[in-house]
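Visitor:
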Amino acid sequence: MQAYQSAPCPYCGATWNPPGAQACANCRNALPPPSPGYAPPGYPPQGQEQQPPAPAPYGAPNYPPQGYPQMPQYPGAPNGYPGQPGQPGSPYPTYAPPGYAQGPGYPQQPGAYGQAPGYPTYAADAPASGSTALRLFGQTFTVPMALPPIVVRYQQELAYAILGVVGLMVLLLGVTPALASSQIAGADQAVATAVIHQSKIDAGFASFFAPDSSATDLAGLKAQAVKDLQSIDNALAIVQADEAALRGADQRLVVLQFVAPPSGAAIAAERQRLKTALDGLKQADEALTAGSNQGKVMMPALDAMIDFTKMYAAIGKHDLAGAGAPYPDAQQKLQLAMSLDHAPGVPDALAKQISAFNDLVSNTESLVQAIANKDAAATKKYSDAVQAGLKTLTALEAALPADYEVKTYAHLQKGYDAAMKSLKG
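Using the working numbering, the first residue of the sequence shown is number 55, and each one after it goes up by one.
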């Protein structure tokens with residue numbers, strides 16, 4: 055057997071190459087030179103082994119003895135082994151270790167590993183040193199000084215941020231003060247309009263506080279009631295329209311008070327004027343709403359009174375057909391009045407009057423039916439009920455003083471007038 059074992063061939067791994075061989079005995083590729091090293095005098099250098107005495111070749115004379123077969127020579131690598139002389143190259147390339155020459159016909163090993171696909175590269179986005187060139191919004195600008203790398207790297211983001219700050223400053227210092235001035239002027243106009251309407255609103259108060267009509271007939275009373283109610287409703291509509299305009303102006307100023315700090319003092323002063331006007335209008339609204347609701351109850355009640363008068367007069371004339379004809383209309387009008395007598399501002403005494411009057415009209419209709427049926431007992435019963443109902447209704451009318459509206463709502467008119475007077479100043 056071979057006594058010497060060489061370093062493995064880097065291509066085929068053979069370890070039987072003799073010392074100092076320039077090429078592999080197996081694959082015929084060039085072997086790497088031995089690594090130089092330091093050795094003391096008398097010792098071979100590192101990487102080289104002391105060559106032992108060459109053994110006697112096989113088949114030397116008298117060895118082995120004649121008649122014994124000779125040991126066969128090593129046949130070499132099997133057929134198809136890469137690098138075997140005369141064999142075509144392997145379809146799988148091999149690579150020499152770094153520092154060694156690559157055998158012919160084999161691709162050279164790359165010097166470094168490439169970037170794995172699918173992963174981002176981390177190239178420097180900005181130069182390590184400052185730059186004097188900026189590229190913003192598609193344009194390149196040169197500045198007279200070197201900018202820090204962080205500024206150059208995030209130049210687009212910084213530009214947008216600065217642009218946003220500038221836009222905000224323009225909005226706060228240029229646009230919103232002008233808008234606030236316009237809204238303050240609009241609020242002033244709304245206040246001025248409310249002040250101008252004072253005379254019409256006071257006319258509504260006058261109709262509400264007017265004494266009862268001196269007319270002796272119900273038709274005249276109804277005509278005066280219609281006129282008074284129209285005046286009250288007109289004044290109330292003006293009050294509510296002014297309130298809506300002032301509230302809208304105040305809501306817009308509330309928003310501007312937060313986005314227009316330079317105009318904060320002017321906005322606060324204007325909102326105080328709006329509050330004064332709204333406080334006065336609120337008092338007028340309460341009083342005129344009561345007057346309107348009372349008038350809406352009295353209008354159908356007056357119509358029912360006119361119908362009852364016709365029924366009562368026909369009974370006195372023994373005209374039963376004429377007495378019963380107005381009843382359906384009277385009943386319908388009283389139902390309408392009773393559906394409205396619980397609205398805000400309608401006194402309880404007026405609601406009781408309407409209820410008592412409804413009973414009187416019903417008893418009168420029952421009296422007409424009793425007379426028509428010649429039912430003496432029923433006639434007496436309902437005749438007494440009608441007389442009692444007339445007395446009850448008279449007592450309820452006296453329970454509600456004639457100056458009830460003035461005593462209850464005059465102070466609200468004074469508050470409204472005081473607010474308008476302060477706004478004029």
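Quick reminder that beta carbons are idealized off the backbone N, C-alpha and C, glycines included.
Measuring CA to CA, which of R301, N80, Q389, A331 is closest to V249?
Guide: A331
Visitor: Confirm, please, whether the CB-CB distance from A234 to A319 is below 8 Å.
Guide: No; because the gap between Cβ atoms is not below 8 Å, this pair is not in contact.
Visitor: Judging by CA-CA distance, which residue of A432, G74, L421 is the nearest neighbour of A377?
Guide: L421
Visitor: So I286 packs on G349, CB below 8 Å; how close in whole Å?
Guide: About 6 Å; that satisfies the 8 Å criterion.
Visitor: Is N417 closer than 8 Å to V440 when the C-beta atoms are compared?
Guide: yes
Visitor: Enumerate, from N- to C-terminal direction, the unbroken alpha helix (DSSP H) stretches of 4 or more residues contained entirely within the stretch 366-450.
Guide: The DSSP assignment places 374-378, 381-394, 402-426 as complete runs of the alpha helix (DSSP H) inside the stretch 366-450, in order along the chain (cut-off: 4 residues).
Visitor: Beta-carbon separation of P86 and P64 under 8 Å?
Guide: yes
Visitor: Only counting the same chain, and skipping five residues up and downstream in sequence, which positions put a Cβ closer than 6 Å to that of L388?
Guide: Within the same chain, L388 has close Cβ partners A358, N412.
Visitor: Return helix, strand or coil for A77, following the three-state DSSP convention.
Guide: In this structure, A77 counts as strand in the three-state DSSP scheme.
Visitor: Closest to D438 by C-alpha separation, out of K461, L414, L454, would be which residue?
Guide: L414
Visitor: Secondary structure at A68, three-state DSSP: helix, strand or coil?
Guide: coil
Visitor: Looking at the structure shown, is A456 part of a helix, part of a strand, or coil, going by DSSP?
Guide: Note: A456 maps to coil in three-state DSSP.
Visitor: Closer than 6 Å by C-beta to A79: which residues in its own chain qualify, once you throw out the five before and the five after it? Chain order, please.
Guide: N71
Visitor: Taking the runs of the alpha helix (DSSP H) that are 4 residues or longer, which of them lie wholly in the stretch 310-339?
Guide: With a minimum length of 4 residues, no continuous alpha helix (DSSP H) run stays inside the stretch 310-339.
Visitor: If we ignore side chains and look at the alpha-carbon of each, how far apart do E297 and K435 end up?
Guide: 56 Å
Visitor: Cα separation between G479 and H396?
Guide: 40 Å
Visitor: On a Cα-Cα basis, can you pick out the residue from A410, T462, H465 that is closest to T446?
Guide: A410
Visitor: Can you give me the Cβ contacts of G443 inside the same chain, cut-off strictly under 7 Å, excluding the 5 residues immediately before and after it?
Guide: For G443, where only same-chain residues beyond five positions count, the Cβ hits under 7 Å are A410, D413, L414, N417.
Visitor: Can you tell me where the alpha helix (DSSP H) with S253 in it begins and where it stops?
Guide: 252-263
Visitor: Consult DSSP for A61 and reduce its assignment to one of helix, strand or coil.
Guide: coil
Visitor: By Cβ distance, which residues of its chain are closer than 6 Å to P354, with the 5 residues on each side in sequence left out?
Guide: Same-chain partners within the cutoff: K387, L390, A391.
Visitor: Can you tell me which residues form a DSSP beta bridge with A273?
Guide: Note: A273 sits in no beta bridge, so no partner.
Visitor: Counting C-beta neighbours from all protein chains within 10 Å, is the total for G168 16 or more, i.e. buried, or is it exposed?
Guide: Below a pLDDT of 50, predicted positions are generally treated as unreliable, and G168, at 48, falls in that range; the measurement from the model is reported next regardless. G168 comes out exposed.
Visitor: Give me the Cα-Cα distance between Q311 and H465, rounded to the nearest whole angstrom.
Guide: 34 Å
Visitor: Please return the same chain residues whose Cβ sits closer than 8 Å to the Cβ of A77, not counting the five positions on each side in sequence.
Guide: If you ignore the 5 residues before and after A77, its C-beta comes within less than 8 Å of the C-beta of N83, A84, L85, all in its own chain and listed in chain order.
Visitor: Suppose the cutoff is 8 Å on Cβ atoms and the five residues either side in sequence are ignored; what does the same chain contact list for N347 look like?
Guide: L394, A397, P398, G399, V400
Visitor: Considering only DSSP beta bridges, list what T84 is partnered with.
Guide: Note on residue identity: the sequence assigns Ala, not Thr, to residue 84. Paired residue(s): A77.
Visitor: Determine the direct distance from the alpha carbon of L374 to that of A430, and round the result to whole angstroms.
Guide: 15 Å
Visitor: Could you tell me which of D402, Y463, E419, G469 sits nearest to L454, measuring between CA atoms?
Guide: When only C-alpha atoms are compared, the closest one is D402.
Visitor: For I238, which of G334, Q467, Q305, D383 has the nearest alpha-carbon?
Guide: Checking every option, the nearest Cα to that of I238 belongs to Q305.
Visitor: By Cβ distance, which residues of its chain are closer than 8 Å to D333, with the 5 residues on each side in sequence left out?
Guide: G469, A473
Visitor: Can you determine whether any heavy atom of the ligand ATP sits closer than 7 Å to the C-beta of Q467, and answer yes or no?
Guide: Looking at this structure, you won't find the ligand ATP or any other ligand, since it has none at all.
Visitor: Sorted by chain position, which residues of the same chain lie with C-beta nearer than 8 Å to Y122's C-beta, five sequence neighbours on each side aside?
Guide: Residue placement at Y122 is poorly supported in this model, since its pLDDT is 46, which falls under 50; the coordinates still yield a value, given next. Counting only Cβ-Cβ distances below 8 Å, and skipping sequence neighbours, we find nothing.
Visitor: Less than 8 Å separating the beta-carbons of E340 and Y381?
Guide: Cβ atoms of E340 and Y381: not closer than 8 Å.
Visitor: Considering only residues of the same chain and omitting the five flanking positions on each side of A273, which have a CB-CB separation below 8 Å?
Guide: For A273, the CB contacts under 8 Å within the same chain, skipping 5 residues up- and downstream, are I360 in chain order.
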